[in-house]
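Note sheet for the following structure.
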């Protein structure tokens with residue numbers, strides 16, 4: 672995995688020419704490094720056109736390198752990216768990488784965020800193939816039970832379903 676960004680790729684991603692940007696995104700599909708994930712998330716915050724936006728989201732939804740999961744979660748945790756948190760979390764369940772080490776973070780996103788974001792985080796957990804050890808799952812269930820005391824009807828339904836998945 673390359674730890675540094677390629678200046679040529681950065682120039683292409685920042686190009687005012689949509690075709691150049693789309694070609695750069697296509698290149699990242701085959702040769703990209705997780706180091707570009709925060710840059711792509713930053714681009715989502717700008718006034719990019721729908722074709723580039725869709726290209727970025729498709730790329731994030733197709734990530735295959737294991738290290739990408741860590742970088743994507745770190746990016747989502749950054750409140751700077753709150754306006755695109757829903758889309759970034761959706762990319763997690765779409766790309767199918769292993770997010771089980773971040774179960775607690777995804778549970779928090781279900782509990783603390785509006786329904787659209789909560790549902791995306793729920794979907795990530797629902798699609799996990801591996802769950803952490805029992806003591807971690809039990810701690811998350813306690814957290815969910817606490818949140819149920821203050822949840823509205825819709826969120827309560829989601830939390831009860833989540834509790835069943837984690838148990």
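Residue numbers (our numbering): 672 to 838. Just so you know, even glycine gets a beta-carbon here, dropped at the ideal spot from N, CA and C. Because the structure is a prediction, the values reported are computed rather than measured.
Determine the contact status of residue i and residue j, defining contact as a CB-CB distance below 7 Å.
| i | j | result |
| --- | --- | --- |
| residue 797 | residue 837 | no |
| residue 747 | residue 759 | yes |
| residue 771 | residue 749 | no |
| residue 742 | residue 763 | no |
When you compare only the Cα positions, how much space is there between residue i and residue j?
| i | j | result |
| --- | --- | --- |
| residue 754 | residue 769 | 24 Å |
| residue 694 | residue 815 | 44 Å |
| residue 828 | residue 773 | 22 Å |
| residue 703 | residue 739 | 10 Å |
| residue 776 | residue 793 | 11 Å |
| residue 823 | residue 676 | 44 Å |
| residue 678 | residue 727 | 18 Å |
| residue 863 | residue 732 | Here the chain covers residues 672 to 838 and nothing more, so residue 863 does not appear. |
| residue 834 | residue 687 | 47 Å |
| residue 716 | residue 752 | 8 Å |
| residue 785 | residue 820 | 17 Å |
| residue 709 | residue 809 | 32 Å |
| residue 690 | residue 765 | 25 Å |
Quick one: what does DSSP say residue i is sitting in, helix, strand or coil?
| i | result |
| --- | --- |
| residue 728 | helix |
| residue 752 | helix |
| residue 695 | helix |
| residue 703 | coil |
| residue 767 | coil |
| residue 740 | helix |
| residue 679 | helix |
Does the beta-carbon of residue i have 16 or more other beta-carbons within 10 angstroms, so that it is buried, or is it exposed?
| i | result |
| --- | --- |
| residue 721 | exposed |
| residue 831 | exposed |
| residue 756 | buried |
| residue 791 | buried |
| residue 714 | buried |
| residue 692 | buried |
| residue 684 | buried |
| residue 825 | exposed |
May I ask whether a heavy atom of the ligand ZN can be found less than 6 Å away from the beta carbon of residue i?
| i | result |
| --- | --- |
| residue 829 | This structure does not include the ligand ZN; it has no bound ligands of any sort. |
For residue i and residue j, which I take to be in contact (beta-carbon distance under 8 Å), what is that distance rounded to the nearest angstrom?
| i | j | result |
| --- | --- | --- |
| residue 735 | residue 706 | Going by Cβ atoms, the distance from residue 735 to residue 706 rounds to 15 Å, so no, they are not a contact pair. |
| residue 818 | residue 782 | 4 Å |
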